[in-house]
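If you read the sequences in order, they're chains A and B.
Each residue of the first sequence is one higher than the one before, counting from 312 in the numbering used here.
Each residue of the second sequence is one higher than the one before, counting from 44 in the numbering used here.
Working notes, beginning with the structure itself.
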Amino acid sequence: MSDKNNARGYLSAGLMASGPVCLGYIPIGIAFGVLAQKAGLSPLETGLMSLMVFAGSSQFIAISMLSAGAGAVSIIATTFVVNLRHLLMSSSLALFLGSSGRKKLFAFAYGITDESFAVNISKFKNGDWDINRALAVNFSANIMWILSTVAGGYGGQFIKPHSFGMDYALIAMFICLLVFQLKGRVYVFTALVGGISAVLLSLCLSGNSYIIIASVFAAGAGVFIKKIRR
Amino acid sequence: MIEREYYYIVLGMGFVTFIPRLLPVYFLSGRTLPRWFIEWLDLIPAAVLSALLLPALVKTGTPGTFSLYSPGMIVAVPTFLVAVKTKSLGGTVVTGMGLYWLLDIIFK
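Structure follows, in C-alpha cells:
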C-alpha cells in the first residue's frame with residue numbers, strides 16, 4: 312500500500328511541477344498542429360512526430376523543410392544539430408541521477424526538453440527531487456505536447472490559443488527558473504555571459520548552435536572566474 | 044507528399060534526438076567526475092537558461108534583428124522582479140501571462 316501511496320505522491324508532485332510547461336505547450340502545440348496540417352500531414356501523422364521526436368523547434372523546422380521538399384537525410388541531419396543542445400542539459404541532470412536503473416534513465420532521457428530540463432534541474436538543485444518525480448514532469452509535458460499538436464491538426468484554425476497571455480507562459484517560466492539559478496555572483500556572471508554571448512552569436516549565426524556555444528563558453532568563464540577568485 | 048518516406052524521416056528524427064539526450068545521463072550518472080567538470084556542469088543551467096531566454100526576448104526572426112523594446116522584453120522586466128521578490132514559479136508565470144495579455148489588449 313505504501314508503494315501505491317508513493318507512486319501517487321510522485322505523480323502529483325510531478326504534475327504540479329509541470330503545470331507551467333503544460334500550459335505553455337498548448338499554444339505552441341496547436342500552432343505546430345496547424346502548420347503540419349497545412350503541410351499535408353494528418354493529425355495522426357502529426358501526433359506520431361510529436362511522440363517520436365518530442366522537440367518543438369526541430370519539429371517546426373522539419374515541417375517547413377518537408378513543405379519545401381527537402382530530402383530525408385537533410386531533415387534528419389538538421390534535427391540532430393538543432394537538438395544537440397540537449398547533450399548539455401542531459402549532462403547537468405546526470406549529476407543528480409546517480410543510483411537510477413537503466414530503464415528509468417532511458418525513459419527519463421526521452422523526455423528531456425528545454426522546458427522539462429528547466430523545471431527538473433531547479434528542483435534537483437533544491438534537493439527535494441528524484442527521478443520518479445522528474446519522470447512525472449517529463450511525461451505529463453510529453454502527453455500535453457502530443458495532445459496539443461494533434462488538436463491543432465484537427466481544427467486548430469478554430470481554436471484561439473493566443474488568449475490569456477498563454478504565449479508568454481514559457482518565457483515567464485524561464486525567467487523565474489533562471490532567477491532560481493542565481494545563487495551567487497558566479498551564477499549571475501555566468502548567466503550574463505551566457506545571455507549576452509547568445510544574443511550576439513544568434514545575430515550572426517543561422518540556426519540555434521548559438522545556444523550550445525554560448526552555454527559552454529559561459530560556464531567555462533564561470534569556472535575560470537571561480538578559480539582565480541579562490 | 045505523405046509517403047512511406049515520412050515514417051523513415053520521423054524515425055530518424057526520433058533517433059538522432061534521443062541519442063544526445065541519452066548518452067550523458069547514461070554514461071555520466073553515478074560516475075566520479077573531476078571537480079572542475081562538476082563545477083562546470085553546476086554552472087550549465089544558469090548558462091543554458093539565459094542563452095535560451097535572452098535571444099527569445101530581444102530578437103525577432105533568424106538570424107534576426109535586434110530590438111530591445113519588444114512586448115516580450117517590456118513584460119520581462121516586471122516579471123523578473125516578481126520572480127526575485129516572491130521566488131514563486133506559479134506567481135511569476137501568472138504575472139507574466141497577465142501583463143502580456145494586458146499589453147496585447149491595450150495595443151491591439
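Yeah, the Cβ is synthetic: ideal placement off N, Cα and C, and Gly gets one too.
Here DSSP, grouped into helix, strand and coil, assigns B/Lys102 to strand. In the assembly as shown, A/Leu355 is an exposed residue. Its beta-carbon has fewer than 16 other beta-carbons within 10 Å. Look at A/Cys333: its C-beta is not under 7 angstroms from any C-beta on chain B. Considering only B/Glu46, B/Arg47, B/Phe58 and B/Tyr50, the residue with the shortest C-alpha distance to A/Val392 is B/Phe58. In this structure, B/Met56 lies away from A/Tyr479, with their beta-carbon atoms at least 7 angstroms apart. With distances taken between CA atoms, A/Gly335 lies nearest to A/Thr460 out of A/Gly438, A/Thr460 and A/Arg496. Remark: fewer than three beta-carbon pairs, one from each stretch, lie closer than 8 angstroms, so the stretch 369-387 of chain A and the stretch 400-411 of chain A are not flagged as touching. At a cut-off of 7 angstroms between C-beta atoms, B/Arg64 counts as an interface residue with respect to chain A. Listed along chain A are Ala373, Leu377, Ala383, Ile386 and Ile387, each with a C-beta nearer than 8 angstroms to that of B/Ile52. Taking a contact to require three or more Cβ pairs closer than 8 angstroms, the stretch 436-454 of chain A and the stretch 341-350 of chain A do not qualify as touching. Not flagged as an interface residue toward chain B: A/Tyr336, since no C-beta distance is shorter than 7 angstroms. Residues of chain B with a Cβ closer than 7 angstroms to the Cβ of A/Val534 are, in chain order, Trp79, Glu82, Trp83 and Leu86. Residues of the stretch 87-99 of chain B whose Cβ lies closer than 7 angstroms to any Cβ of chain A, in chain order: Ile87, Pro88, Ala89, Ala90, Val91, Leu92, Ser93, Ala94, Leu95, Leu96, Leu97, Pro98 and Ala99. Here the stretch 82-93 of chain B makes contact with the stretch 527-539 of chain A; the two share three or more CB pairs at distances below 8 angstroms. In this structure B/Thr75 is exposed. Its beta-carbon is surrounded by fewer than 16 other beta-carbon atoms within 10 angstroms. For A/Cys515, the closest of B/Thr108, B/Gly133 and B/Lys128 by C-alpha to C-alpha distance is B/Thr108.
Taking CB atoms only, A/Gly340 has no neighbour in chain B less than 7 angstroms away.
Assignment of beta-bridge partners to B/Phe109 by DSSP yields B/Lys102.
By the Cβ rule, the stretch 485-492 of chain A does not count as touching the stretch 360-367 of chain A, because fewer than three pairs are nearer than 8 angstroms. Taking C-beta atoms under 8 angstroms as the contact rule, B/Ala90 and A/Ala502 qualify, at a distance of about 7 angstroms.
Annotation for A/Ser353: Gly464 place their beta carbon closer than 8 angstroms to its own, counting only its chain and skipping 5 residues before and after. Cβ-Cβ separation between B/Ala99 and A/Ser526: approximately 14 angstroms, too far for a contact (criterion under 8 angstroms). In chain order, Gly382 and Ala383 make up the part of chain A whose C-beta sits under 9 angstroms from the C-beta of B/Glu48. Cβ neighbours of A/Ala452 within its own chain (closer than 8 angstroms, five residues either side excluded): Ser329, Val332, Cys333, Tyr336, Gly422, Thr424, Glu426 and Ser427. Taking a C-beta cut-off of 7 angstroms against chain B, the contacting residues of the stretch 350-366 of chain A are Gly351, Leu352, Glu356, Leu359, Met360, Met363, Val364 and Ala366, listed in chain order.
Sequence-distant partners of B/Phe150 (beyond 5 residues in either direction) whose C-beta falls short of 8 angstroms from its own C-beta, in its chain, are Pro114. For A/Ser508, the CB contacts under 7 angstroms within the same chain, skipping 5 residues up- and downstream, are Ala525, Phe528 and Ala529 in chain order. Residues of the stretch 432-461 of chain A that bring their beta carbon within less than 7 angstroms of a beta carbon in chain B comprise Ile432, in sequence order. For chain B, the residues of the stretch 479-494 of chain A that bring a beta carbon within less than 7 angstroms of one of its beta carbons are Tyr479, Ala480, Ile482, Ala483, Met484, Phe485, Ile486, Cys487, Leu488, Leu489, Val490, Gln492 and Leu493, in chain order. A/Val448 is positioned such that its CB atom lies closer than 7 angstroms to that of A/Gly325.
Note on A/Phe535: under 16 other CB atoms within 10 angstroms of its CB, so exposed under the neighbour-count rule.
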